[in-house]
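The sequence shown maps to residues 0 to 351 in numbering that gives the first Met the number 0.
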Amino acid sequence: MNFILKNWVKYYTKEAVKTLKIVTIGSAMIITIACVKYKPAYKVTLAGDTIGFIVNRDLIEAKIEKYIKDTSGNIAFREIEQLPEYEFKLINRDKETEEKNVMLAVQNMTTTTYKVYAVTSDGEQKAVVSTQEEADSIINEIKADLKEEVDLKLGIAEVYTTELNIESKEIATNTLKEFKVAKVTEYENKKAEEERIAKENARKAYIASRSKSLATTTTAAPSGNLNGMQLSIPVTGSISSRFGSRGASRSTIHTGLDISTSSGTGIRPISAGTVTYSAYKGSYGNLIIIDHGNGVQSYYAHCSALYVSVGQSVDTNTTIGAVGSTGNSTGPHLHLEIRIGGEPVNPQNYLY
Ligand SMILES: [Zn+2]
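As structure tokens, this is what we get:
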């Protein structure tokens, strides 16, 4: 019995080994054939699209991670909407497995944001450079020998952008230099215009004050003193031409003072004296001359009426004539002359 059992086990063991051998060889043959025709790979899909086949998944994942986390140069950060998906497959050996295409698809799906430095004026970007040092150095160069009054309000702004448009330092400096020249010119033109306006205003103010002072001299200094002799004004009115001034129609120095007032206004002598002339005399028109003694004479010209005659004694209460426009005159006024030793002096040294 034991012998029979032993033989039986022996027989079946032999058969089992034989079968196992056949199965093993068969499997090996199938695998060999499969390995000749197919290869194991990953199908890579991104957002539903197949973007390629790769063999080494770890390698491509490492490459993608390195690309996304790259912050070299001016890259601030990178964002990808979604990462690729991998599916293990046996693919035909002749099917290409290229990492390059996968990387291109990943890059297309990625947004890169750059950090750059803008040189600004009053908050407005004038030039964009790669580093803060460059921006600093440009500002220092532009500020050198800049007119103190010109404020370019320069600053530096960190700019995050997806469009990388960096200028070289040289180009940026030139842009800023042109801006500086334009600003300085603008400032100088403005200053010149302000000076011109200031001058114009000063001129207008001078003319206004002059005409005002002419208009307000009517009651100023109603009386004066000449060599101890008390003087009073012959008429009230406004000064229309001063002693010494050259009138537009005259080629000679003005020898008296013109006081404008209405025709017919009574004239009184500046001081008591004796009438030495009372008649028409050329450009003076109707003229009265009074001798006050001590070599002092006074002239009253362009009169419309003469009320005194030669030899008559007068004082400051005597109306000697009336204002008019006779002789060389463009309108009613009194031409008052004061002469000392025959020489005309400025009546405004004593009157008005
Ligand atoms: Zn005159």
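A virtual CB, placed ideally from N, CA and C, is assigned to each residue, including glycine.
From which residue to which residue does the beta strand (DSSP E) around residue i run?
| i | result |
| --- | --- |
| residue 75 | 74 to 79 |
| residue 162 | It is not in any beta strand (DSSP E) - residue 162 carries neither H nor E in the DSSP assignment. |
| residue 62 | That residue, residue 62, is in no beta strand (DSSP E); its alpha helix (DSSP H) goes 56 to 67. |
| residue 337 | 332 to 339 |
| residue 134 | Run containing residue 134: none in the beta strand (DSSP E); it sits in the alpha helix (DSSP H), 131 to 142. |
| residue 292 | 285 to 292 |
| residue 301 | 295 to 302 |
| residue 258 | 256 to 259 |
| residue 53 | 48 to 53 |
| residue 124 | 123 to 128 |
| residue 87 | 84 to 91 |
| residue 275 | 272 to 279 |
| residue 346 | Element bounds for residue 346: n/a, residue is neither H nor E. |
Suppose you measure from the CA of residue i to the CA of residue j; what does that come to, to the nearest Å?
| i | j | result |
| --- | --- | --- |
| residue 259 | residue 192 | 39 Å |
| residue 101 | residue 63 | 9 Å |
| residue 6 | residue 22 | 24 Å |
| residue 286 | residue 272 | 16 Å |
| residue 42 | residue 59 | 12 Å |
| residue 91 | residue 34 | 10 Å |
| residue 177 | residue 198 | 31 Å |
| residue 304 | residue 322 | 7 Å |
| residue 165 | residue 128 | 5 Å |
| residue 187 | residue 133 | 29 Å |
| residue 136 | residue 154 | 12 Å |
| residue 224 | residue 194 | 44 Å |
| residue 1 | residue 12 | 17 Å |
| residue 292 | residue 227 | 12 Å |
If contacts are defined as beta-carbon pairs under 8 Å, then residue i and residue j qualify, I think. What distance do you get, rounded to the angstrom?
| i | j | result |
| --- | --- | --- |
| residue 158 | residue 117 | 5 Å |
| residue 356 | residue 230 | Outside the displayed span of the chain (0 to 351) sits residue 356, for which this structure offers no information. |
| residue 179 | residue 151 | 6 Å |
| residue 119 | residue 140 | So it is not a contact: roughly 16 Å between Cβ atoms. |
| residue 38 | residue 89 | 7 Å |
| residue 108 | residue 67 | Going by Cβ atoms, the distance from residue 108 to residue 67 rounds to 10 Å, so no, they are not a contact pair. |
| residue 294 | residue 340 | 5 Å |
| residue 315 | residue 346 | Not a contact, Cβ separation roughly 15 Å. |
| residue 331 | residue 261 | 6 Å |
Inspect the beta-carbon positions of residue i and residue j and report whether they are closer than 8 Å.
| i | j | result |
| --- | --- | --- |
| residue 299 | residue 320 | yes |
| residue 105 | residue 163 | no |
| residue 254 | residue 343 | yes |
| residue 53 | residue 61 | no |
| residue 69 | residue 56 | no |
| residue 112 | residue 75 | yes |
| residue 51 | residue 84 | no |
| residue 270 | residue 308 | no |
| residue 329 | residue 302 | no |
| residue 351 | residue 238 | yes |
| residue 160 | residue 125 | no |
| residue 289 | residue 313 | yes |
Output the boundary residues of the alpha helix (DSSP H) element that contains residue i.
| i | result |
| --- | --- |
| residue 36 | 1 to 36 |
| residue 113 | That residue, residue 113, is in no alpha helix (DSSP H); its beta strand (DSSP E) goes 109 to 120. |
* Asked: Using the beta carbon as the reference atom, which residues fall closer than 5 Å to any heavy atom of ligand 1, ordered along the chain?
  -> 255, 257, 334
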